[in-house]
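First residue of the sequence shown: 2, per this note's numbering; consecutive thereafter. Glycine included, C-beta positions come from ideal geometry on N, C-alpha and C.
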Amino acid sequence: MDAAFTEEQHEIRRTLRELLLKRCGPDGVKAAVRTPPGYDQELWRELAGRLGLPGLALPAAYGGVGCSPTELALACEETGRAVLPSPLIATAALAAPLILALGSARQREGLLSALATGELTGTLVVPGGQLATALALTGPNDGGWAGGGRAGGIQARPADDGWRLYGEAGQVLAGHTAEVLVVAAHTGGYARSRTLLFLVRAATADGPDGRRDGVPGLLRTRQTALDETRAQARLELREVPAELLGEGDGDEAAVTAALAATGVVAAAALAAEAVGTADAALTRTVGHVKEREQFGRLIGSFQAVQHRLADLYVRLQAARSAAYYAAWSAGSNGSGAAGADGAAEPGAAALALAQALETLRTVAAETVQLHGGIGFTWEHEAQLYFKRAAGDELLLGPVHRLRARAAEEAGLFAGGAVRAGADGGPGRSGPAAVRAPEAVDV
Numbered sequence: 002m003d004a005a006f007t008e009e010q011h012e013i014r015r016t017l018r019e020l021l022l023k024r025c026g027p028d029g030v031k032a033a034v035r036t037p038p039g040y041d042q043e044l045w046r047e048l049a050g051r052l053g054l055p056g057l058a059l060p061a062a063y064g065g066v067g068c069s070p071t072e073l074a075l076a077c078e079e080t081g082r083a084v085l086p087s088p089l090i091a092t093a094a095l096a097a098p099l100i101l102a103l104g105s106a107r108q109r110e111g112l113l114s115a116l117a118t119g120e121l122t123g124t125l126v127v128p129g130g131q132l133a134t135a136l137a138l139t140g141p142n143d144g145g146w147a148g149g150g151r152a153g154g155i156q157a158r159p160a161d162d163g164w165r166l167y168g169e170a171g172q173v174l175a176g177h178t179a180e181v182l183v184v185a186a187h188t189g190g191y192a193r194s195r196t197l198l199f200l201v202r203a204a205t206a207d208g209p210d211g212r213r214d215g216v217p218g219l220l221r222t223r224q225t226a227l228d229e230t231r232a233q234a235r236l237e238l239r240e241v242p243a244e245l246l247g248e249g250d251g252d253e254a255a256v257t258a259a260l261a262a263t264g265v266v267a268a269a270a271l272a273a274e275a276v277g278t279a280d281a282a283l284t285r286t287v288g289h290v291k292e293r294e295q296f297g298r299l300i301g302s303f304q305a306v307q308h309r310l311a312d313l314y315v316r317l318q319a320a321r322s323a324a325y326y327a328a329w330s331a332g333s334n335g336s337g338a339a340g341a342d343g344a345a346e347p348g349a350a351a352l353a354l355a356q357a358l359e360t361l362r363t364v365a366a367e368t369v370q371l372h373g374g375i376g377f378t379w380e381h382e383a384q385l386y387f388k389r390a391a392g393d394e395l396l397l398g399p400v401h402r403l404r405a406r407a408a409e410e411a412g413l414f415a416g417g418a419v420r421a422g423a424d425g426g427p428g429r430s431g432p433a434a435v436r437a438p439e440a441v442d443v
């Protein structure tokens, strides 16, 4: 493994940082999240058209830049630094990799180039808030997370002209604006129960109350989220026309494998993004303690404050290293930590995400506290970091389940598999199973 970045990778980071410093300050972020889309569409078009951001990890044959997950992670670190509200993660780390992995030649040629240039945005629709499970980050994704034929999921049935989808999904990233929906749905009934992925092409016309008019039977509503910079939506599908992602009758094993591989890339990108956000929060905090006086002295001169900041810096650097390693492992072509088939090292992405989320949570909390009274106000940007930390862990955590899954994948415990309990806490399986948060740390 060569840990040094190339000049091209440094240039991607420099260019993106300069642009976001000019166009995406805290006031700009707060203004963008209050628009119906939830992000600055003009800035997104510039990021997509000028820098090719959503196509960084897509092959050049489909209009992408042809880079690896490492470049995508570096870009996400910079967007995280600016707490940029955008459909980048939903499009580049969720929808596009699944279409690339499973789509037919017609579907790839018709969608990927438009996603790579920002002409279209996409997202993954998973019912029941089970995104982390579907991506195999907090547990195996071969269970009934897509509904399993029960209420609360999305059901698919064949029709004369394709498929029809019926059901509901909440907490869908950028779900109210995405033009391409990759929908996980259950089909086959009890006899041939399986989970497959379907494509829904949604229209872009704005409707009332933040809703967007789509294909017949599709209702999309933007939800109130703790982190406004990570827009989420509730989707209601009533006999919505769809097409199967891929060819033939669909292969559930291929779907679960593609979702797990997508989860590795998404976890690395989100870990890098969390590191960027934590870095920005720590930088602002250090600047504040160098200027703020208390008891006739700069508060940064107090040894207790210096120790706290030093501890945060060490945490941040460790999380950054883990995120970079996870991105490299996700894009490895068979050397180093990856296996002979190019698969990423088991658990590396989940561990990196767990460490990054935990670091961001700690840094954001210290940022609020060390800023004193102003850190609790709506006007100050500290609340952006704190809400991003809490929102990301609600979406893809909690941290102890990410670590438990990584331990299970790596086979660390010979006596029994470690898995999360039904209540979200650490569970036990077998006599030698142990509590995951105490057994696995990064």
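Start and end residues, beta strand (DSSP E) containing residue i
i           : result
residue 238 : 233–245
residue 80  : Element bounds for residue 80: not the beta strand (DSSP E) but the alpha helix (DSSP H), 70–82.
residue 7   : Unbroken run through residue 7: none, as it is neither H nor E.
Segment limits, alpha helix (DSSP H) that includes residue i
i           : result
residue 48  : 42–52
residue 182 : It is not in any alpha helix (DSSP H) - residue 182 instead sits in the beta strand (DSSP E) that spans 181–188.
residue 118 : Per DSSP, residue 118 belongs to no alpha helix (DSSP H) and is neither H nor E.
residue 30  : 27–33
residue 1   : Because residue 1 is not part of the residues shown, which for the chain are 2 to 443, the question remains open.
residue 145 : Element bounds for residue 145: n/a, residue is neither H nor E.
residue 312 : 304–332
When the options are compared against residue i, the one with the closest alpha-carbon
i           : options            : result
residue 199 : 103, 117, 378      : 103
residue 78  : 271, 244, 245      : 271
residue 384 : 394, 367, 397      : 367
residue 403 : 137, 243, 290      : 137
residue 80  : 305, 165, 23, 257  : 23
residue 43  : 20, 182, 64, 124   : 20
residue 131 : 244, 401, 412, 396 : 396
residue 303 : 317, 314, 287, 315 : 287
residue 164 : 187, 179, 93, 172  : 187
residue 45  : 7, 88, 71          : 88
residue 203 : 189, 218, 25       : 218
residue 157 : 245, 60, 387, 75   : 245
residue 295 : 321, 359, 373      : 373
residue 364 : 146, 93, 277       : 277
residue 147 : 159, 167, 162, 160 : 167
residue 361 : 280, 155, 83       : 280
residue 250 : 159, 56, 179, 369  : 159
Beta-carbon contacts of residue i that lie in its chain and below 7 Å, excluding the five residues immediately before and after
i           : result
residue 69  : 58, 332
residue 86  : 30, 33, 34, 39, 40, 230, 232
residue 375 : 381
residue 321 : 276
Residue i (DSSP reduced to helix, strand or coil)
i           : result
residue 217 : coil
residue 193 : coil
residue 222 : strand
residue 158 : strand
residue 96  : helix
residue 136 : coil
residue 166 : strand
residue 385 : helix
residue 202 : strand
residue 294 : strand
residue 126 : strand
residue 265 : helix
residue 66  : coil
8 Å Cβ shell around residue i - same chain, five flanking residues per side excluded
i           : result
residue 95  : 123, 124, 125, 174, 183, 263, 267
residue 189 : 195
residue 291 : 299, 301
Beta-carbon contacts of residue i that lie in its chain and below 6 Å, excluding the five residues immediately before and after
i           : result
residue 36  : none
residue 9   : none
residue 316 : 360
Proximity test, Cβ basis, 9 Å: residue i and chain D
i           : result
residue 101 : The chain inventory of the structure shown lacks chain D, comprising one protein chain alone.
heavy atom of the ligand ZN below 8 Å from residue i C-beta
i           : result
residue 268 : Absence of the ligand ZN is noted for the structure shown, with no ligands found whatsoever.
>> Across the segment 391–404 and the segment 302–312, are there enough close Cβ pairs to call them in contact, namely three or more that are closer than 8 Å?
In response: no
> For the segment 111–123 against the segment 254–267, are there 3 or more C-beta pairs whose distance is under 8 Å?
Replying inline: no
> Does the segment 122–142 touch the segment 396–415, meaning 3 or more C-beta pairs lie closer than 8 Å?
Replying inline: yes
>> When you compare the segment 322–330 with the segment 346–358, are there three or more beta-carbon pairs, one atom per stretch, that lie closer than 8 Å?
In response: The segment 322–330 is in contact with the segment 346–358.
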